[in-house]
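Notes follow the structure.
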Amino acid sequence: AQQPYHVIAHWKIGGDSEWDYLHIDSATQRLYVSHGEKVEVLDARTGKIIGSIDGLKGCHGIVLDAAGKFGYISDESGIVIFDTKTLAKVKTIPTKYGPDGIIYEPVTKTVWTFNGRPGGANVNAVDTTTQELVATIPLKEGRLESTTIDGKGHVFGNLGGDVVRIDAKTKQIDTQWKTGCEDASGIAYDAGKNRIFQACEGQTMYAVDAGNGKVLGTSEIGDGPDGAGYSDKYNLAFASTRDGILTVVDANAPGYPDIEKLATEEGARTMDYDPTTDRIYTISAERDPNVQMPSGPPGPPKAQGQVQGQQGQGGPNGPEGRGGDENRPSPYKADTFNVIVIGR
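Sequential numbering from 13 applies to the sequence shown in the numbering used here.
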């Protein structure tokens, strides 16, 4: 179970746009990859591009409903619903603030998005039976990022450094915990021990009791986190970071030690884990050594010749850009966007 992970393949896609999250559908072995103004759909066994959902405004995350019939995209235009068979868009639900983290909650058959913009933030819920908006929960402005579920009717999300827990049945926030985390991003759930793993700035991942918010331990991870995952079978927690490090943590051992720090590719800060194949997928592009990286956590990378926004939710310069230096060249080369496949 502690055999080292390694990079199995690089699937080059190319293209001149930014990226954010990706989603593996274990049942069909399709990989959905956010890619600026479209979502690329790949065969997760071969890397072959099956098709794409086009005409988006700047996409973040992708989830599917329980039957896998419809997909939901958190996009700058709102929550975009598409048919997984034809990849055609069927509906867009506008949101007041830009949606980022997105998750499907099976008990209530709802899709939840965490939405944030300078000046405001909220959480939306969509009923997948009617494909209608059924809840809007206001939040204080803050960095809103990834979400996860416990499979028992609770949705968890990061708000700044806090963990917010939502009761999906009542559609209300039932608690908010301060864990000590410095600006959280990735979040993952361990069903076996009812724990949350919260990836934070300061190169730290927190293990948190999902019942009472108590911090159980911490692990050292890379710099600039944005993705997290968990393997119930192997009791491993994962954190992907912008510095090109995938940290693997032994969640069964006292002290939550890391057992591997795998070099991936600079910028590969988001990930998804497939428990059926024990594979991890992340995305990035080739670094341009002639262009200096911006100071502070940057927004999603863009291809050469485009600008890079500062960290945050929404904005004109990509899914996480809030403006920044409009004349700054991208620190990543054009046409080098690729999926990185990791396994054992």
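By construction, the Cβ of each residue, glycine as well, lies at the ideal position given by its N, Cα and C atoms.
Alpha carbon to alpha carbon, how far is residue i from residue j?
| i | j | result |
| --- | --- | --- |
| residue 317 | residue 104 | Low confidence applies to residue 317: its pLDDT is 42, below 50, so where it sits in the model is not reliable, and the reading given next is rough at best. Their Cα atoms are separated by approximately 30 Å. |
| residue 59 | residue 88 | 27 Å |
| residue 356 | residue 64 | 29 Å |
| residue 108 | residue 298 | 34 Å |
| residue 124 | residue 182 | 13 Å |
| residue 231 | residue 284 | 19 Å |
| residue 170 | residue 345 | 31 Å |
| residue 167 | residue 302 | 43 Å |
| residue 326 | residue 111 | Bear in mind that a pLDDT of 35 at residue 326, under 50, signals an unreliable position, so the model cannot answer this. |
| residue 189 | residue 76 | 28 Å |
| residue 193 | residue 224 | 16 Å |
| residue 262 | residue 270 | 6 Å |
| residue 335 | residue 15 | The pLDDT assigned to residue 335 is 36, lower than 50, so where the model puts this residue is not dependable; a value taken from the coordinates is nonetheless given after this. Residue 335 and residue 15: Cα-Cα distance of roughly 43 Å. |
| residue 99 | residue 212 | 34 Å |
| residue 52 | residue 196 | 27 Å |
| residue 92 | residue 83 | 8 Å |
| residue 245 | residue 258 | 19 Å |
| residue 186 | residue 260 | 31 Å |
| residue 203 | residue 160 | 11 Å |
Would you list the residues sitting across from residue i in a DSSP beta bridge?
| i | result |
| --- | --- |
| residue 133 | 128 and 151 |
| residue 63 | 53 |
| residue 277 | DSSP output for residue 277 lists no bridge partner at all. |
| residue 194 | 213 |
| residue 242 | 249 |
| residue 92 | 85 and 104 |
| residue 188 | 176 |
Quick check on residue i: does DSSP put it in helix, strand or coil?
| i | result |
| --- | --- |
| residue 21 | strand |
| residue 38 | coil |
| residue 3 | Absent from the model: residue 3. The displayed extent of the chain is 13 to 356, so no value can be given. |
| residue 156 | strand |
| residue 99 | coil |
| residue 237 | strand |
| residue 183 | coil |
| residue 293 | strand |
| residue 283 | strand |
| residue 28 | coil |
| residue 68 | coil |
| residue 356 | coil |
| residue 108 | coil |
| residue 224 | coil |
| residue 302 | coil |
| residue 349 | coil |
| residue 15 | coil |
| residue 256 | coil |
| residue 342 | coil |
Could you check whether residue j and residue i sit closer than 8 Å to each other, using their CB atoms as the reference points?
| i | j | result |
| --- | --- | --- |
| residue 357 | residue 210 | Residue 357 is absent from the structure shown; the chain starts at 13 and stops at 356. |
| residue 34 | residue 293 | yes |
| residue 295 | residue 18 | no |
| residue 217 | residue 265 | no |
| residue 198 | residue 238 | yes |
| residue 253 | residue 229 | no |
Mind checking which residues open and close the beta strand (DSSP E) that includes residue i?
| i | result |
| --- | --- |
| residue 215 | Unbroken run through residue 215: none, as it is neither H nor E. |
| residue 82 | 82-87 |
| residue 113 | 111-117 |
| residue 203 | That residue, residue 203, is in no beta strand (DSSP E); it is neither H nor E in DSSP. |
| residue 250 | 248-253 |
Could you check whether the Cβ of residue i sits closer than 8 Å to any Cβ belonging to chain D?
| i | result |
| --- | --- |
| residue 252 | Annotation note: the requested chain D is absent from the structure, which comprises a single protein chain. |
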